[in-house]
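Here the sequence shown stands for residues 13 to 397, numbered as in the numbering used here. All residues carry an ideal CB built from backbone N, CA and C; glycine is no exception. Heads up: the structure comes next, in structure tokens.
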Amino acid sequence: MIDRLRRATSCATLTVSAAALLTLVTLQHAEMADILVYRAEGAAAAAGGGDLYGFTVTRWQLPATYPPFAALLFVPTTWLQLPALKAVFLLGNIALTAALVHLSCRLAGPEPTRARTCLLTSGALWLEPVFQTTLFGQINLALATLILWDLTRPAGARGKGLALGIAAGIKLTPAVFVVYLLLTGRRREATYAAAAGAGTVLLGALVLPQASWEFWTRRLYETGRVGKAWIVDNQSVQGLVARALHVAEPGMLWAVPAVLVALAGMYAATRARTEAHGVALTAFTALLVSPISWSHHWVWCVPLLAVLWAGGQRRTAVAVALLFTARTMWLLPHQGDLDLQLAWWQQPLASPYPLLGLGLVLVALRQRRGQPSASSSSASTIRYA
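Laid out in structure tokens, this is it:
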């Protein structure tokens, strides 16, 4: 009876939370700009791909930035009217949030119950990266779920690594997990991932040869196409450095720290005390060193929270959840170039995610692989005494 009541309460909580989110998005008349980009990419791919990297859409003049393989996957977005497509993305991202919560709990510990997944999802929907992903109609949740599903499959599972490679073929940054697999000695999984990634490149080249040549020889290196690195939307190390130094193009002042962070982050990930910590550190390292990591890219906060909570770091988990809910970067003046004119005391508010990521890497570097956290050591001693 109690379990049934708990399940009913959790489902009701999720229903109310999802309904509130849908109502807010509707009342805001959200343009869901990224859906319009994906739809334009799908249309360009269906037409042969000749103009795939030449168009811009929405009032922000947004271009296509993903590899040609992604454009092929976006072709079905042209089959629906825009209102129906928006509804599919809204409901789909809510479902993907639940899937990501479930997989995050699986990564960090035992499989969660359905009631627990519903309850946690109702709160996760309001984390800023998750909310922004839903608001913009982004695919961050889909990619994170695909990657985490693959990584949490049993060791030796058939084709483990293929889904990771496909994710890297859609958006290049997941390729960092292939490096993680190699560094941790999982060459078979890394080989599957690399093969799948190469397959996406080959498929794109066969179906869209002109667009593929343009992307891999030219557009890939035009980081400015993605957006301005210095705006508060960008929560990478480059964004932090640009705003702190009040320069739009930090150049080597960013590149050198980014290389150091990449090396330190991957070293910490490979020596993390658990697999869950290693996966979280790899994801955050990728977000830190990427030239552009929009705030909605940080949906990996969901696995991080699960790892912290399962590791007994409850207060830290609550503090991190508050940080990803506070939306401090949006409270600062950021119209025009005001992002480059922020005072010193505003800098932490403008870059909360990279500062957190750097802090996590530094803490991890001080710990040895297999070393239990202070909060869990006593419990381990009691269990195995």
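- Sequence-distant partners of Ala254 (beyond 5 residues in either direction) whose C-beta falls short of 6 Å from its own C-beta, in its chain, are Ala241, Trp242, Pro262.
- Of all C-beta pairs linking the stretch 303-319 to the stretch 119-139, three or more are shorter than 8 Å, placing the two stretches in contact.
- By the beta-carbon neighbour count (other beta carbons within 10 angstroms, threshold 16), Gly62 is exposed.
- Leaving aside the five residues that flank Asn246 on each side, the residues in its chain whose CB is nearer than 6 Å to its CB run, in chain order, Ile304.
- One thing to note: Val249 has its Cβ no nearer than 7 Å to the Cβ of Ala274.
- Less than 7 Å separates the beta-carbon of Glu53 from that of Ala83.
- In this structure, the straight-line span from the alpha carbon of Thr203 to that of Gly173 is close to 8 Å.
- Here the stretch 189-209 makes contact with the stretch 289-299; the two share three or more CB pairs at distances below 8 Å.
- Counting only runs of at least 4 residues, the stretch 168-251 fully encloses the following alpha helix (DSSP H) elements, listed from N- to C-terminal order: 174-182, 188-195, 199-219, 221-229.
- Note that the stretch 58-77 does not touch the stretch 103-115; fewer than 3 beta-carbon pairs, one per stretch, sit closer than 8 Å.
- When secondary structure is reduced to three states using DSSP, Leu139 falls in the coil class, being assigned neither helix nor strand.
- In terms of CA proximity to Lys183, Pro80 leads the group Ala288, Pro124, Pro80, Phe101.
- As the crow flies, the alpha-carbon of Leu220 is around 7 Å from that of Ala57.
- Straight through space, the alpha carbons of Met264 and Leu155 are spaced by roughly 30 Å.
- The three-state reading of DSSP puts Trp306 in strand, counting E and B together.
- Taking the C-beta atoms as reference points, Ala187 is found nearer than 7 Å to Ala180.
- Burial state of Arg283 is buried, judged by a 10 Å Cβ sphere holding 16 or more other Cβ atoms.
- For Thr337, the CB contacts under 8 Å within the same chain, skipping 5 residues up- and downstream, are Trp138, Leu139, Glu140 in chain order.
- In the three-state reduction of the DSSP assignment, Leu74 falls in the strand class, which pools E and B.
- Per the C-alpha coordinates, the member of Tyr279, Ala217, Gly171, Leu343 positioned closest to Ala206 is Gly171.
- Per DSSP, Arg378 lies in no alpha helix (DSSP H) and is assigned neither H nor E.
- The count of Cβ pairs closer than 8 Å, one atom from the stretch 117-127 and one from the stretch 317-329, reaches three, so the stretches are in contact.
- At the C-beta level, Asp351 and Val238 stay beyond 7 Å of one another.
- In the three-state reduction of the DSSP assignment, Val259 falls in the coil class, being assigned neither a helical nor a strand state.
- Note on geometry: alpha-carbon atoms of Arg285 and Gly323 lie some 11 Å from one another.
- Distances from the CA of Leu299 to each of Val373, Leu176, Ala333 were compared; the closest alpha carbon is that of Val373.
- Annotation: the stretch 118-167 contains the following complete segments of the alpha helix (DSSP H) (minimum length 4 residues), in chain order: 126-136, 140-148, 152-163.
- In chain order, Glu140 place their CB closer than 7 Å to the CB of Arg339, counting only its own chain and leaving out the 5 sequence neighbours on each side.
- Distance from the CA atom of Ala59 to the CA atom of Ala76, rounded to whole angstroms, is 15 Å.
- Residues of the same chain with a CB within less than 8 Å of the CB of Leu132, apart from the 5 flanking positions on each side, are Val113, Cys117, Pro124 in chain order.
- The straight-line gap separating the alpha-carbon atoms of Ala99 and Leu147 is approximately 11 Å.
- Each residue's CA atom was taken as its position, placing Leu252 and Ala267 some 12 Å apart.
- Within a 10 Å sphere around the beta-carbon of Trp356 sit fewer than 16 other beta-carbons, which makes this residue exposed.
- Residue pairing by DSSP places Val69 opposite Leu74 in a beta bridge.
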